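Below is one structure, written out as structure tokens, with a few remarks after it.
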Amino acid sequence: MGSLLTGRELRKIFDGLSPFDADLKLKPAGEQITLLAANSNNFWQTRAFVMLSALGDQSPIIVQFSHNSNTKIGGLPGKIFAPEGIGYRGNPALYGAKSSIDWIAGEAEVFGADLVAVSLDHFAVPKFKEDKEYKQRACPTGTSDKVEAAWEYLKDAGLEDQVEELTPELACKYEAYLSSDDYKEFVSDFMGTVDIMKPAWGMIDTEGIPPVLDFAITRDISEAVRTGLGNMDMMLEAELGETGQSGDDVAYEHLSDAELDAFAELAAAFVSYTGAEGLAYDIGMKHAAVADEKHEIDTRKLEVVQRRIIEATGIYAPFAQHGGTGSAGVARGLIGKTNINTAFLVCGSQARYEFFAQAPEKVRGGDKKICGTDVETNVYLESVYNEAVARMEPTGSMGIGPMCFDLLGW
């Protein structure tokens, strides 16, 4: 057949792969499965991921596109090389989104891949700065209601001690942020991308945003997707807290039992209030991990929080692991999807380097064979494909196509 999974189809697969049984006990280790979420930054990476998914009995894979990668594919001068003085008409994020979705849909069709899901990854809201004067396009409309509603919800749930105190001064700053040009531009790009790509999964990256504002932002965008676009299909991933960055020297701190229970309640409230169907929070990973940099997964936190969300909301919200490149392993099942980006960038660059390093004199001499497209269509493509195989194997999702087809009723 060869078509992309919808959000509701991906939801069925995730529900079938929940790490918990009907009694909310962990399933046996042999039944635990995680899905690979591979970030694509160019057309060759997309092709490698689709081919892997299509092979043999087929394997589910989530192919992710970030705002940054779409903007580069869209050709924004400054993001890519462009000669001085060249003009640009249109929105590069949306042009890139159209190019990306057209390519991956065609790849799924020609290679016969039925279990490829498209995801939006790291669509980051603007950073909030208390001392910034936010420019506004128009007089704020409804922003105070959004902030106040989030605060009242948290107070009613008895969670105000888990978040920042919303003073009148801070509330005004949050309102200015929500009505600012920066925020409105982000929302416009995100909504436009959702409308064009119709992804199965979409992430709102609120890393570093204070909790009360995080609740307000995530619900605002969730309602815009569901009501504004009428899109009831996409699985929405929300982020509570932040994942570290390689080299930041910030040590991961394990929570006490009481602290963990409190965070679990906050996470459950976050899912309930925002309508999120996927969730990310800190479990000890670091973004952009370098070679040989590994971080242990806080499986205790994962189990407690993921179970509590189901108990409180009835919703299984798959955990999205960011910083998967530097993960010391895969906590199969407890991690719903493991995001890999850096590893694919590194392996591709290393493969190109090794290819040219074999005969640098031929490159300098202009030898057509070594300077041709083989470095992309064979060397680079194969290296990304092999890395994707290596990253999928530990997840338990390799070749589970028949299981997925059963879950989908196909």
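First residue of the sequence shown? That's 22 in the numbering used here, and the numbers climb one at a time after it.
Backbone N, C-alpha and C define an ideal beta-carbon position, used for all residues, glycine too.
These numbers were taken from a predicted model, which means no experiment stands behind them.
**Message:** For a minimum of 4 consecutive residues, which ranges assigned as the alpha helix (DSSP H) are wholly contained in the region 228-292?
**Reply:** Counting whole runs of 4 or more residues, the region 228-292 contains the alpha helix (DSSP H) stretches 232-244.
**Prompt:** Is it right to say Arg329 is buried, meaning 16 or more other beta carbons lie within 10 angstroms of its own, or is it exposed?
**Reply:** Buried is the call here.
**Message:** Any contact between the region 167-185 and the region 228-236? By contact I mean 3 or more CB pairs, one from each, below 8 Å.
**Reply:** Per the Cβ contact rule, the region 167-185 is in contact with the region 228-236 (3 or more Cβ pairs under 8 Å).
**Neighbourhood of Phe70 by C-beta, 7 Å cutoff - its chain only, sequence neighbours within 5 removed** = These residues qualify, in order along the chain: Ala59, Ser61, Ile82, Val84, Ala409.
**Message:** Under 8 Å, with one C-beta from each stretch per pair, do the region 92-99 and the region 39-59 reach the 3-pair mark?
**Reply:** Flag = no, the region 92-99 and the region 39-59 do not touch.
**Message:** Could you give the first and the last residue of the continuous beta strand (DSSP E) run that contains His3?
**Reply:** Any answer about residue 3 is impossible in this case: the structure gives the chain only from 22 up to 431.
**Request:** Just tell me which of Asp278, Gly357, Thr295, Val367 has its CA closest to the CA of Val325.
**Result:** Ranking Asp278, Gly357, Thr295, Val367 by Cα distance to Val325 puts Asp278 first.
**Request:** Mind reading off the beta-carbon distance from Ser87 to Gly223? Whole number of angstroms is fine, and I expect it under 8 Å.
**Result:** In this structure, Ser87 and Gly223 do not form a Cβ contact; the two beta carbons are roughly 11 Å apart against a cut-off of 8 Å.
**Asked** Looking at the unbroken beta strand (DSSP E) that takes in Gln433, where does it start and where does it end?
**Response** Here the chain has residues from 22 to 431 only, and residue 433 is not among them.
**Message:** Rounded to whole angstroms, what is the Cα-Cα separation between Ile304 and Gly51?
**Reply:** Approximately 23 Å between the Cα atoms of the pair.
**Request:** Assign Met504 to one of two classes, buried (16 or more other C-beta atoms within 10 Å of its C-beta) or exposed (fewer than that).
**Result:** Outside the shown range of the chain (22 to 431) lies residue 504, about which nothing can therefore be said.
**Prompt:** What number of angstroms, rounded off, separates the C-alpha of Asn89 from the C-alpha of Ala114?
**Reply:** So the alpha carbons of these two residues sit roughly 8 Å apart.
**Message:** I'd like to check one pair, Thr27 with Lys358: are the Cβ atoms closer than 8 Å?
**Reply:** By the CB criterion at 8 Å, Lys358 and Thr27 fall outside the cutoff.
**Request:** Might you give, ordered along the chain, the residues of its own chain that have their beta carbon closer than 7 Å to the beta carbon of Pro423, omitting 5 neighbours on each side?
**Result:** Excluding its 5 nearest sequence neighbours in each direction, Pro423 has C-beta neighbours in its own chain below 7 Å: Asp78, listed in chain order.
**Message:** Using a 10 Å radius around the Cβ and a threshold of 16 neighbouring Cβ atoms, would you call Asn399 buried or exposed?
**Reply:** Exposed, because fewer than 16 other Cβ atoms sit within 10 Å of the Cβ of Asn399.
**Asked** Taking just the CA atoms, how far does Ala289 sit from Arg373?
**Response** Approximately 45 Å between the Cα atoms of the pair.
**Burial state of Lys390 (16 or more Cβ within 10 Å)** = Counting Cβ neighbours within 10 Å, Lys390 comes out exposed, since fewer than 16 surround it.
**Request:** Below 6 Å CB to CB, which residues in the same chain sit around Val396 once its five sequence neighbours on both sides are set aside?
**Result:** Excluding five sequence positions before and after Val396, the CB atoms of its chain that fall closer than 6 Å to its own CB belong to Arg373, Phe376, given in chain order.
**Rounded distance between the beta-carbons of Glu332 and Ala297, thought under 8 Å** = With 8 Å as the limit, Ala297 and Glu332 do not qualify as a contact, their Cβ atoms being about 16 Å apart.
**Prompt:** Taking the alpha carbon of Gly23 as the point to measure from, which residue in Asn407, Ser74, Gly344 has its own alpha carbon closest?
**Reply:** The residue with the shortest Cα to Cα distance from Gly23 is Ser74.
**Asked** Per DSSP, what kind of secondary structure is Leu73 in: helix, strand or coil?
**Response** Three-state DSSP puts Leu73 in a helix.
**Asked** Pick from Lys150, Ile217, Leu25, Glu196: whose alpha carbon is nearest that of Gly133?
**Response** Nearest Cα to Gly133 within the set Lys150, Ile217, Leu25, Glu196: Leu25.
**Prompt:** Which parts of the region 177-224 are runs of the alpha helix (DSSP H), unbroken and 4 residues or longer, counting only runs that do not cross its ends?
**Reply:** If we require 4 residues or more, the alpha helix (DSSP H) runs fully inside the region 177-224 come out as 189-199, 202-218.
**Message:** Taking a contact to mean a Cβ-Cβ separation below 8 Å, would you say Ala118 touches Glu228 in this structure?
**Reply:** Not a contact, by the Cβ cut-off of 8 Å.
**Message:** For Thr394 and Asp388, what's the separation of their Cα atoms in angstroms?
**Reply:** Take the alpha-carbon of Thr394 and the one of Asp388: they are about 12 Å apart.
**Asked** Is the CB-CB distance between Gly417 and Gln53 below 8 Å?
**Response** Yes; because the gap between Cβ atoms is below 8 Å, this pair is in contact.
**Prompt:** Going by other Cβ atoms of all chains shown within 10 Å of its Cβ, with 16 needed for buried, is Arg110 buried or exposed?
**Reply:** Counting other Cβ atoms within 10 Å of its Cβ, Arg110 stays below 16 and is therefore classed as exposed.
**Message:** Can you look up Leu45 in the DSSP assignment and give me helix, strand or coil?
**Reply:** The three-state reading of DSSP puts Leu45 in coil, since its state is none of H, G, I, E or B.
**Request:** Put Thr359 into one of helix, strand or coil per three-state DSSP.
**Result:** If DSSP states are grouped into helix, strand and coil, Thr359 belongs with the strands.
**Message:** Asn252 and Val440 - do their beta-carbons sit closer together than 8 Å?
**Reply:** What is shown of the chain runs 22 to 431, which leaves residue 440 out entirely.
**Item:** Burial state of Gly179 (16 or more Cβ within 10 Å)
**Value:** Within a 10 Å sphere around the beta-carbon of Gly179 sit fewer than 16 other beta-carbons, which makes this residue exposed.
**Request:** Report buried or exposed for Ala411, applying the criterion of at least 16 other Cβ atoms within 10 angstroms of its Cβ.
**Result:** It is exposed - the Cβ of Ala411 has fewer than 16 other Cβ atoms within 10 Å.
**Prompt:** Alpha carbon to alpha carbon, what distance is there between Cys368 and Gln342?
**Reply:** Approximately 20 Å between the Cα atoms of the pair.
**Prompt:** For Thr295, does the count of other Cβ atoms within 10 angstroms reach 16, so buried, or fall short, so exposed?
**Reply:** If you draw a 10 Å sphere on the C-beta of Thr295, you find 16 or more other C-beta atoms in it, and that means buried.
**Asked** Nearest CA to the CA of Ala272: which residue from Val137, Val184, Gly335, Glu317?
**Response** Comparing Cα-Cα distances from Ala272 to each of Val137, Val184, Gly335, Glu317, the minimum goes to Glu317.
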